[in-house]
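J.: Would you mind keeping the following structure in view while I ask a few things?
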């Protein structure tokens, strides 16, 4: 194969990444990255790129976005301890009986994924490459303090934060079948990062990504969501993708682009519901490559392993500009038998019907998205100083909020993460409600109004079943401490106070003040509390 690429491409791969397993029956297979690498090698693509093994991301580096408590938990959790450390699956979004199990080496796997994306960002920032590839990245569902949708550490956010050290504006594009909620949430109030997600919306994980979700405060208008119905075909997708990307590049003028190439939008995916071919999916890479802007390509979803490997191999060739030279008959490789019976580099469409053009809804969505982009001001500029997240007055608590803040511990712990927006089924009445909402006030007021709707407060959606399920019950309170049946608020620490209703005194660690210090030490602390209370009741 003749080398015809005019682009300097850096390719990041760690040979250990394919050795990890979410579990024998789990749909997420890290082995797909190894198969992709073998296919690239068989097609002689590796000789055309700067192949690197990235340094693994440290826990400290992950805390650039994630909370230190969550990262410390990830570094210590094992399959044997996960239920205890998460209160039977109630914290951090992990459980052996849920989408995100604590498999052996979960932290090391996350460090490989995040390390590759951060290294790719550094390569682009330094100008050492024009395109950087990390197929082990693209885990776009992970939140600041919890795992979600098979994703534990959000390598995309970490990579974008690294890009923002040099580039004033970054565009994030997500063509995964699932909405890129974790990345959008991280930059929902920022005008330096524009997020654009093309995804299935409705009764489908994660249940977010409505057309009207556009960001808040400085970031209003910089979150773009393009929802689709089942059966998305090449023609409909390209009819939407090309004009939206052209408009974004014109208005936002990004200094760098991050493209998440989740392959579960391909036809025949085990969790996806779209009908894109390999060439239709790779069209996004080809289109964005034309703009000559530093480009990072990441993996993501993709649960039919051989199709994910096919697509990412072909898109590697697209990054190099040699896709026309590829022989679609697969060369022999270590995983050759996996591609039976056709042994070809192709993903053909199925007979799944495209429901998007039926009533012209996709054209209405396209017009609305283009109109929203036209309303944006010129591309935001960035000074040479570090812009604080909040004013000095806000930081010191000297300013008053217009509304009384809800005293909620979880919101305090994740003060820079927005609420997961209200999820609902797309209905014909959405347009009317959208117009009414736009007349009601600013984006901030709309956000406050959503807080009153907490019907799904104690539920979470599964990426496997696409159904809402109840969170496991976690009761850390003494029922006698509740006043008039009201449940007390969760606090940082348990004080150890126990109220004795007969003597009407508070007992601390089983000591009510009638013992000397030496006697109290001999009796012990909390372990002796229950025995003492039984004696008092008698």
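Numbering (the working numbering), first residue to last: 510 to 1047. Beta carbons: idealized from backbone N, C-alpha and C, even for Gly.
1. For residue 660, write down the residues that DSSP places opposite it in a beta bridge.
2. Counting only the same chain and skipping the five closest in sequence on each side, list residues whose C-beta sits under 6 Å from that of residue 549.
3. Mapping DSSP to helix, strand and coil, what is residue 552?
4. To which residues does DSSP link residue 682 through a beta bridge?
5. Once you ignore the five residues that flank residue 798 on each side, which residues in its own chain have a CB closer than 8 Å to its CB?
6. Can you give me the C-alpha to C-alpha distance between residue 561 and residue 769, rounded to a whole angstrom?
7. Under 9 Å between the Cβ atoms of residue 627 and residue 664?
8. Counting only runs that start and end within the region 716 to 800, where is the alpha helix (DSSP H) found for 4 or more residues in a row?
9. Please look up how many angstroms separate the CB atoms of residue 643 and residue 658, rounded, as I've assumed it's under 8 Å.
10. Check each candidate in 612, 581, 586, 569 and name the one with the smallest Cα separation from residue 538.
11. Would residue 749 and residue 871 qualify as a contact pair, given that the criterion is a beta-carbon distance under 9 Å?
12. Are residue 885 and residue 760 touching if we call contact CB-CB under 9 Å?
13. Distance, Cα to Cα, residue 720 vs residue 738?
14. Answer yes or no: do residue 839 and residue 551 have a C-beta to C-beta separation smaller than 9 Å?
15. Quick one: grab the DSSP three-state call for residue 643.
16. Tell whether a beta-carbon distance below 9 Å holds between residue 691 and residue 809.
17. Under a three-way DSSP split, which group does residue 577 fall into?
18. Return the CA-CA distance between residue 667 and residue 632, expressed in angstroms with no decimal places.
19. Quick one: what does DSSP say residue 858 is sitting in, helix, strand or coil?
20. Using a Cβ-Cβ distance under 9 Å, would residue 722 count as near chain E?
21. Would a C-beta distance cut-off of 9 Å place residue 568 and residue 580 closer than the cut-off?
22. Evaluate the contact criterion for the region 784 to 802 versus the region 521 to 540: three or more CB pairs, one atom per stretch, below 8 Å.
23. Alpha carbons only, please: which of 843, 800, 795 is nearest the one belonging to residue 832?
24. Considering Cα atoms alone, identify which of 573, 520, 529, 590 is closest to residue 557.
25. With DSSP run on the structure shown, which of helix, strand or coil describes residue 541?
26. Name the DSSP beta bridge partners of residue 561, please?
27. Grouping DSSP H, G and I as helix and E and B as strand, with all else coil, what is residue 977?
28. The beta strand (DSSP E) with residue 603 in it runs from where to where?
29. Identify, in the order they occur along the chain, each residue of the same chain with its Cβ nearer than 6 Å to the Cβ of residue 703, setting aside the five sequence neighbours on each side.
30. For my contact list, residue 598 and residue 607 are in at a C-beta cut-off of 8 Å; report their separation, rounded to the angstrom.
31. Is residue 872 helix, strand or coil when you go by DSSP?
32. Tell me whether residue 819 sits in a helix, a strand or coil according to DSSP, three-state version.
33. According to DSSP, is residue 806 part of a helix, a strand, or is it coil?
34. Output needed for residue 772: all residues of its chain with C-beta closer than 6 Å, excluding positions within five of it in sequence on either side, in chain order.
35. Tell me the residue span of the beta strand (DSSP E) that contains residue 968.
T.: In short:
1. Residue 660 sits at position 151 when you count from the first residue of the chain shown. Beta-bridge pairing links residue 660 to 657.
2. Walking along the chain shown from the start, residue 549 turns up at place 40. These residues qualify, in order along the chain: 555, 822, 825.
3. In the chain shown, counting from the first residue as 1, residue 552 sits at position 43. If DSSP states are grouped into helix, strand and coil, residue 552 belongs with coil.
4. Within the chain shown, the letter at position 173 stands for residue 682. Under DSSP, residue 682 forms a beta bridge with 705, 768.
5. Numbered from its first residue, the chain shown carries residue 798 at position 289. The residues are 516, 640, 804, 827, 828, 830.
6. Walking along the chain shown from the start, residue 561 turns up at place 52. Walking along the chain shown from the start, residue 769 turns up at place 260. Rounded to the nearest angstrom, the gap between the Cα atoms of residue 561 and residue 769 is 20 Å.
7. The residue you call residue 627 lines up with position 118 of the chain shown. The residue you call residue 664 lines up with position 155 of the chain shown. Yes, Cβ-Cβ distance for residue 627 and residue 664 is below 9 Å.
8. 743 to 760, 787 to 798
9. By one-based count along the chain shown, residue 643 stands at place 134. By one-based count along the chain shown, residue 658 stands at place 149. Between residue 658 and residue 643 the Cβ distance is about 19 Å, and since that is not below 8 Å, they are no contact.
10. Reading the chain shown from its first residue, position 29 is the one you call residue 538. Cα-wise, what sits closest to residue 538 is 612.
11. As a position in the chain shown, residue 749 is number 240, starting the count at 1. As a position in the chain shown, residue 871 is number 362, starting the count at 1. Yes. Within cutoff.
12. For the purposes of this step, residue 885 is taken as the residue at position 376 of the chain shown. For the purposes of this step, residue 760 is taken as the residue at position 251 of the chain shown. Closer than 9 Å, so yes.
13. Counted from its first residue, the chain shown places residue 720 at position 211. Counted from its first residue, the chain shown places residue 738 at position 229. Near 13 Å, if we compare the C-alpha coordinates of residue 738 and residue 720.
14. The residue you call residue 839 lines up with position 330 of the chain shown. The residue you call residue 551 lines up with position 42 of the chain shown. Contact flag set, yes.
15. Within the chain shown, residue 643 is the residue found at index 134, counting from 1. In the structure shown, residue 643 sits in a strand (DSSP, three-state: E or B).
16. As a first step, residue 691 is located in the chain shown; it is residue number 182 there, counting from the start. As a first step, residue 809 is located in the chain shown; it is residue number 300 there, counting from the start. No.
17. Within the chain shown, residue 577 is the residue found at index 68, counting from 1. Helix, per DSSP.
18. As a first step, residue 667 must be located in the chain shown, where it is residue number 158. As a first step, residue 632 must be located in the chain shown, where it is residue number 123. Those two C-alpha atoms are separated by around 14 Å.
19. Walking along the chain shown from the start, residue 858 turns up at place 349. Coil.
20. Chain labels in this structure do not include chain E; a single protein chain is all it has.
21. Counting from 1 along the chain shown, the entry for residue 568 is found at position 59. Counting from 1 along the chain shown, the entry for residue 580 is found at position 71. For the 9 Å CB-CB criterion, residue 568 and residue 580 form a contact.
22. no
23. For the purposes of this step, residue 832 is identified with residue 323 of the chain shown, where counting begins at 1. The alpha carbon of residue 832 has as its nearest neighbour, out of 843, 800, 795, the alpha carbon of 795.
24. Taking the chain shown and counting its residues from 1, one reaches residue 557 at position 48. Ranking the options by Cα distance to residue 557, first place goes to 520.
25. Position 32 of the chain shown, counted from the start, is the residue given in the question as residue 541. In this structure, residue 541 counts as helix in the three-state DSSP scheme.
26. Locating residue 561 in the chain shown gives position 52, counting from the first residue. Paired residue(s): 521.
27. As a first step, residue 977 must be located in the chain shown, where it is residue number 468. Assignment of residue 977 by DSSP, reduced to helix, strand and coil, places it in the strand class.
28. If you number the chain shown from 1, residue 603 lands on position 94. Counting along the chain, residue 603 falls outside any beta strand (DSSP E), and DSSP gives it neither H nor E.
29. The residue given as residue 703 occupies position 194 in the chain shown. Within the same chain, residue 703 has close Cβ partners 680, 731, 761.
30. If you number the chain shown from 1, residue 598 lands on position 89. If you number the chain shown from 1, residue 607 lands on position 98. The Cβ separation is near 6 Å, so the contact holds.
31. For the purposes of this step, residue 872 is identified with residue 363 of the chain shown, where counting begins at 1. Here residue 872 sits in helix by DSSP.
32. Indexing the chain shown from 1 puts residue 819 at position 310. Here residue 819 sits in helix by DSSP.
33. Locating residue 806 in the chain shown gives position 297, counting from the first residue. Residue 806 falls in the strand class under three-state DSSP.
34. Residue numbering aside, residue 772 sits at position 263 when the chain shown is read from its first letter. Around residue 772: 811, 817, 820.
35. Start at 1 with the first residue of the chain shown, and residue 968 comes out as number 459. Run containing residue 968: 968 to 970, per the beta strand (DSSP E) assignment.
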